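Here the sequence shown stands for residues -23 to -1, 1 to 203, numbered as in mature numbering (1 follows the signal peptide of the UniProt record, and there is no 0). Please read the structure below before turning to the comments.
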Amino acid sequence: MFSASIVFGFVAVFSVPGLCCRATEYSTSDGQCCPMCNEGTFVRRDCTQFSGTGCAPCSGDTFMNQLNGLNRCFSCTLCDSGHGLFVKRQCTTISDTVCEALSGYFCKSWSDVTGCSLAQKLSHCAPGQRIKEPGSSRSDTLCEDCRAGYFSADGTDCTAWTATGSQGGWSLSQLLGGTPVHHRATHRPFTLTSTPTRNLERPINPTSRSLECGKKPDLCKHETAF
């Protein structure tokens, strides 16, 4: 046994025990199949044998983005600035809010429908590292260690150690304790000085030097005693 009715243009309602409702209908608690409400509305009253489904519009911070047989609309998503989010597109009666990551944050959970639902602060590279790839609203900063012979004090770029000389096979930065983090040469200038070759060959005899200068005064007049 079944009954049918058409009220104000609504599709006829069939109540057939044991049968599923159609794709555009929903099932009531007493087993009837009623027409669903449109986007932007919700079910205020189920259909009867004599009337169609009573639908009401979403209000306040609510929306409905699909045909439905629900008795309330969905709450609009809040974009919490305290969690690194801002409103990219406002909520309407037929669509949810779309959130995006704030500057200095990147999105860890993204949906084409609601946008970003979880954001995290962009990482800062540590001293001794450089930024390989800058972070964006979709991805975190990518860091890498400075290679040998380079340093980074602020974790941005790697700079080559500057060597102005060498001694005993050691580079300047090695002598002054250069590391991938610190370039000690910038704080402790290092100058290599040469010792006159004659001082390394043999000691100077003051007596013989005086005799030599007496014979050739022009040779010694600008000489400074050691």
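We treat Cβ as the ideally placed atom computed from N, Cα and C, and that holds for glycine. Predicted model, so just to flag it, every value in this text is computed and none were measured.
First and last residue of the uninterrupted beta strand (DSSP E) at Phe19: Position 42 of the sequence shown holds residue 19. Counting along the chain, the beta strand (DSSP E) containing Phe19 begins and ends at Thr18 to Arg22.
With which residues is Thr136 paired in a DSSP beta bridge? As a position in the sequence shown, residue 136 is number 159, starting the count at 1. In DSSP, Thr136 forms a bridge with Phe128.
CB-CB under 8 Å to His101, same chain, minus the five flanking residues each way: which ones, in chain order? Reading the sequence shown from its first residue, position 124 is the one you call residue 101. Thr118 and Gly132.
Could you say which of Gly17, Thr25, Lys85 and Arg21 lies nearest to Gln9 if we only look at CA atoms? Mapped onto the sequence shown, residue 9 falls at position 32. Closest option to Gln9, Cα to Cα, is Thr25.
Whole angstroms are fine: how far does the CA of Cys120 sit from the CA of Tyr127? In the sequence shown, the residue the question calls residue 127 occupies position 150. In the sequence shown, the residue the question calls residue 120 occupies position 143. Rounded to the nearest angstrom, the two C-alpha atoms are 15 Å apart.
Close Cβ partners of Cys68 (< 6 Å) along its chain, the five nearest in sequence each way excluded: To locate residue 68, count along the sequence shown from 1; it is residue 91. For Cys68, where only same-chain residues beyond five positions count, the Cβ hits under 6 Å are Phe40, Cys53 and Thr74.
Any beta strand (DSSP E) of 3 or more consecutive residues that is wholly inside the region 42 to 122: 62 to 66, 75 to 78, 82 to 88, 92 to 98, 106 to 110 and 119 to 122
Which residues mark the beginning and the end of the beta strand (DSSP E) in which Cys11 is found? For the purposes of this step, residue 11 is taken as the residue at position 34 of the sequence shown. It spans Cys10 to Pro12 - the beta strand (DSSP E) in which Cys11 sits, taken as one unbroken run.
Would you say Cys135 reaches chain D, if we count a Cβ-Cβ gap shorter than 8 Å as a contact? No chain D appears in this structure, which consists of one protein chain only.
What are the start and end residues of the beta strand (DSSP E) that includes Cys32? Looking up residue 32 in the sequence shown gives position 55. Element bounds for Cys32: Gly31 to Pro34.
Decide if residue 207 is buried, meaning its Cβ has at least 16 other Cβ atoms within 10 Å, or exposed. For the chain, the structure presents residues -23 to 203; residue 207 sits outside this window and is missing.
Relative to the C-alpha of Ser36, which candidate in Ser4, Ser72 and Cys11 has its C-alpha closest? For the purposes of this step, residue 36 is taken as residue 59 along the sequence shown, with counting starting at 1. Considering only alpha carbons, the answer is Ser72.
To which residues of the same chain is Cys(-4) closer than 7 Å at the C-beta, ignoring the five residues directly before and after it? By 1-based counting over the sequence shown, the position of residue -4 is 20. Cβ neighbours of Cys(-4) beyond the five flanking positions: none.
With DSSP run on the structure shown, which of helix, strand or coil describes Ser4? Here residue 4 corresponds to residue number 27 of the sequence shown, with the count starting at 1. Three-state result, Ser4: strand.
Please state whether DSSP places Thr25 in a helix, a strand or coil. Within the sequence shown, the letter at position 48 stands for residue 25. Note: Thr25 maps to coil in three-state DSSP.
Cβ atoms of Ser129 and Ala78: under 8 Å apart, would you say? Sequence index remark: in the sequence shown, residue 78 carries index 101 (1-based). Sequence index remark: in the sequence shown, residue 129 carries index 152 (1-based). Against a cut-off of 8 Å, the Cβ pair of Ser129 and Ala78 comes out as no contact.
Anticipated Cβ contact below 8 Å, Gly61 with Tyr82, distance rounded: Indexing the sequence shown from 1 puts residue 61 at position 84. Indexing the sequence shown from 1 puts residue 82 at position 105. The Cβ separation is near 4 Å, so the contact holds.
Closest to Gln27 by CA distance: which of Arg124, Cys11, Ala103 and Leu95 is it? Locating residue 27 in the sequence shown gives position 50, counting from the first residue. In the sequence as presented, Gln is not what sits at residue 27; that position holds Phe. Nearest option by C-alpha distance: Cys11.
Which same chain residues end up closer than 8 Å to Asp44 when comparing Cβ atoms and leaving out the 5 residues on each side of it in sequence? Mapped onto the sequence shown, residue 44 falls at position 67. At residue 44 the sequence reads Leu, which differs from the Asp that was named. Closer than 8 Å at the Cβ level, and outside the excluded window around Leu44, lie Thr1, Met13, Cys14, Asn15 and Glu16.
Out of curiosity, what's the CA-to-CA distance linking Ser86 and Phe51? Taking the first residue of the sequence shown as position 1, residue 86 is located at position 109. Taking the first residue of the sequence shown as position 1, residue 51 is located at position 74. Going by the C-alpha atoms only, they are around 20 Å apart.
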